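Have a look at the structure below, then the notes.
Chains as they are written, first to last, in this note's numbering: chain A, 64 to 146; chain B, 40 to 560.
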């Protein structure tokens, strides 16, 4: 799971964060409240997770419990892969 | 009808809210996350902030920036500031440092109200804003700027009672301009009450309504729903994000939402879900503005929510709204934005300013008490946009070209400028081009809007880079996400050897569309 977390962090840093004043919030901080991802950004993240980890994410799974923070994303992906 | 003709009461915009709060103290005013706030609980919060602002030296007419995500604090701050006679300047929480600094300086704002989570954007803007005396922070901010204040608690203090004149400014709302610098639309208390009165005259919102508000409150369309909902004594269910449509539908079903204002991208994201799985049987009104809703999407919404009355609306910040299509007209005229709002006059003019006869095509001109006072400190652009109507009152030249049919229904034809409308937001191509040119290795850039099923228009950039420089599409997009509001970032980037220019050397945007027709992806 740590490995997934590192990879997802890098994906977000590479694709959504750049420049002065923009930094990755804490692993339990909300991507929404910190404006790291907007609705389009979440869709891109989900497509990336599906492609990278060979998982399928249903509409019903696109909820904050699974995606709102880095820790939640990592746990969710680990769960999906284990399932 | 007497009620509506006199509603909302004045002269100040907050009068209706105070009356509603006195009538319905125990009623839920706002719901946000797990928090529910009654009118009786909301008033002391407004009073607490108003007193703290007053103690900080805030004067009538002072400009205050509200850079807040959707939440209860927005409603508290807005009412506190309006009661003090201050001028609210809503700022999108997506705003980055450079633009925020511009807004602070352009308005000479004395205070900023902001979420701590947005500190990466606002903190760097503080040192170069000398007029700024205080920053009211919602949440815990890690800052050593002495101007930052903690959010004040509720107070049993009396609310300010300043006898505000309806002609005083209530808000300055910034809108994208063709020159690249946003312009502040000045709205008086009278302007905003007039817009509200017109909207109320056709929408007939009620005190027993539950408004599901997912639109940003810093966006004129969302802002007015806060004012209207709390002014009526209704309940507003606040959604902080539209990123999780399943959550939004669950919440709207659980709260028995009756009124749902939306924009095409929001409706599109809901249509990606199985709408039959959520009971929105209480929904009686849905509205669409900011861009046209595809007819196929509207049909699917009507199938899912057959009891709903749907209003298609058109407007611009300079007058809030100009027209609406009533639910009973939709089947006969699905492509129309309807007829003008009650209590306004409007007509079409040709390029020489002559009236266009019924059935013709021309620029829409709107007159009435909802039309703005002008652009903040921009007399030249104000005079261009506001010109005397035949009766001498100011008329707003919208810049939008419409066709009217024999019955006076309006059909949008085109914009008369280069502004792009993406996700319902106005995007200035010049602003995006400037941002892209700030990326090392870029020589020149040109930006156009291309049709996009989801976004209305997508921002497409054509970029010329120096020899030997390696840049990818994602590099450009990421740079734009870091420097601009996210809706302004290009969806596609095309690298080109040359940009087409006019005889005078200006980049010819129309030439680009022809040179590189967009591909659908």
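Backbone N, C-alpha and C fix where the C-beta goes; we use that ideal spot for every residue, glycine too.
For clarity, every value in this text was computed on a predicted model and none was experimentally measured.
Buried/exposed call for residue i, threshold 16 Cβ in 10 Å
i, result
"residue 356(B)", "buried"
"residue 561(B)", "Absent from the structure is residue 561(B), since the part of chain B shown begins at 40 and ends at 560."
"residue 215(B)", "buried"
"residue 369(B)", "buried"
"residue 279(B)", "buried"
"residue 476(B)", "exposed"
"residue 464(B)", "buried"
"residue 300(B)", "buried"
"residue 402(B)", "buried"
"residue 109(B)", "buried"
"residue 435(B)", "buried"
"residue 482(B)", "exposed"
"residue 135(B)", "buried"
"residue 174(B)", "buried"
"residue 590(B)", "Residue 590(B) is absent from the model: chain B starts at 40 and stops at 560."
"residue 522(B)", "buried"
"residue 77(A)", "exposed"
"residue 64(A)", "exposed"
"residue 154(B)", "buried"
"residue 364(B)", "buried"
"residue 468(B)", "buried"
"residue 540(B)", "exposed"
"residue 119(A)", "exposed"
Spatial distance of residue i from residue j (CA atoms)
i, j, result
"residue 142(B)", "residue 222(B)", "9 Å"
"residue 183(B)", "residue 85(B)", "27 Å"
"residue 302(B)", "residue 288(B)", "15 Å"
"residue 178(B)", "residue 423(B)", "43 Å"
"residue 66(A)", "residue 257(B)", "39 Å"
"residue 144(B)", "residue 241(B)", "39 Å"
"residue 234(B)", "residue 366(B)", "20 Å"
"residue 83(A)", "residue 158(B)", "Residue placement at residue 83(A) is poorly supported in this model, since its pLDDT is 41, which falls under 50; the coordinates still yield a value, given next. Taking the straight line joining both Cα atoms gives about 12 Å."
"residue 419(B)", "residue 388(B)", "21 Å"
"residue 78(B)", "residue 69(B)", "8 Å"
"residue 71(A)", "residue 359(B)", "42 Å"
"residue 470(B)", "residue 80(B)", "42 Å"
"residue 137(B)", "residue 147(B)", "15 Å"
"residue 162(B)", "residue 532(B)", "31 Å"
"residue 268(B)", "residue 290(B)", "18 Å"
"residue 316(B)", "residue 249(B)", "20 Å"
Bridge partners - residue i, DSSP secondary structure assignment
i, result
"residue 495(B)", "461(B) and 491(B)"
"residue 67(A)", "Answer is none; residue 67(A) lacks a bridge partner."
"residue 404(B)", "386(B) and 436(B)"
"residue 427(B)", "433(B)"
"residue 129(B)", "105(B)"
"residue 214(B)", "222(B)"
"residue 169(B)", "According to DSSP, which records beta bridges pairwise, residue 169(B) is partnered with nothing at all."
"residue 129(A)", "According to DSSP, which records beta bridges pairwise, residue 129(A) is partnered with nothing at all."
"residue 251(B)", "276(B)"
"residue 504(B)", "481(B)"
"residue 78(A)", "None; residue 78(A) has no bridge partner."
"residue 46(B)", "BP columns for residue 46(B) are empty, so no partner."
Whole-number beta carbon distance between residue j and residue i, since they are thought to touch under 8 Å
i, j, result
"residue 282(B)", "residue 105(A)", "5 Å"
"residue 99(A)", "residue 75(A)", "6 Å"
"residue 123(B)", "residue 107(B)", "About 17 Å; that fails the 8 Å criterion."
"residue 438(B)", "residue 456(B)", "6 Å"
"residue 150(B)", "residue 171(B)", "7 Å"
"residue 383(B)", "residue 405(B)", "6 Å"
"residue 254(B)", "residue 296(B)", "With a Cβ gap of about 13 Å, residue 254(B) and residue 296(B) do not count as contacting."
"residue 117(B)", "residue 133(B)", "Wrong, their Cβ atoms sit about 19 Å apart, outside the cutoff."
"residue 55(B)", "residue 47(B)", "4 Å"
"residue 516(B)", "residue 488(B)", "Residue 516(B) to residue 488(B), Cβ: 16 Å. No contact."
"residue 92(A)", "residue 525(B)", "The pair is not a contact, with the Cβ atoms about 18 Å apart (cut-off 8 Å)."
Query raised in the report: Got a sec: which bits of the region 158–192 of chain B sit with their beta carbon under 7 Å from any beta carbon on chain A, in order along the chain?
Result: 159, 160 and 163
Query - Proximal residues, the region 264–290 of chain B versus chain A, C-beta separation under 8 Å - result: Under the 8 Å Cβ criterion, the region 264–290 of chain B contributes 279, 280, 281, 282, 283, 284, 285 and 286.
Report task. Output, in sequence order along the chain, the residues in the region 109–125 of chain A whose CB is closer than 9 Å to any CB in chain B. Result -> Going along the region 109–125 of chain A in chain order, one finds 122, 123, 124 and 125 with a Cβ nearer than 9 Å to chain B.
Query raised in the report: Between the region 124–145 of chain B and chain A, which residues of the former have CB atoms less than 7 Å from a CB of the latter, in chain order?
Result: 132, 133 and 136
Requested in this report: Could you name the residues of the region 90–104 of chain A whose beta carbon sits closer than 9 Å to any beta carbon of chain B, in the order they occur along the chain?
Outcome: 92, 93, 94, 95, 96, 97, 98, 100, 101, 102, 103 and 104
**Report entry** Selection of the region 298–315 of chain B by Cβ proximity to chain A, strictly under 7 Å
**Finding:** The residues in question are 308, 311 and 312.
Query raised in the report: the region 127–140 of chain A: which residues have C-beta closer than 7 Å to a C-beta of chain B, in chain order?
Result: The region 127–140 of chain A vs chain B, Cβ under 7 Å: 127.
Query - Contact list for the region 495–513 of chain B against chain A, Cβ threshold 7 Å - result: Taking 7 Å as the Cβ-Cβ cut-off, the region 495–513 of chain B approaches chain A at 513, given in chain order.
Requested in this report: Taking only beta carbons into account, state which residues of the region 203–214 of chain B come closer than 7 Å to chain A, listed in chain order.
Outcome: Flagged: no residues at all.
Query - Residues of the region 324–339 of chain B with Cβ closer than 7 Å to any Cβ of chain A, in chain order - result: Look at the region 324–339 of chain B: it has no residue with a C-beta under 7 Å from a C-beta of chain A.
Report task. Select from the region 108–125 of chain B all residues with a C-beta closer than 9 Å to any C-beta belonging to chain A, and list them in chain order. Result -> Residues of the region 108–125 of chain B with a C-beta less than 9 Å from any C-beta of chain A: 108, listed in chain order.
**Report entry** Proximal residues, the region 435–451 of chain B versus chain A, C-beta separation under 7 Å
**Finding:** none
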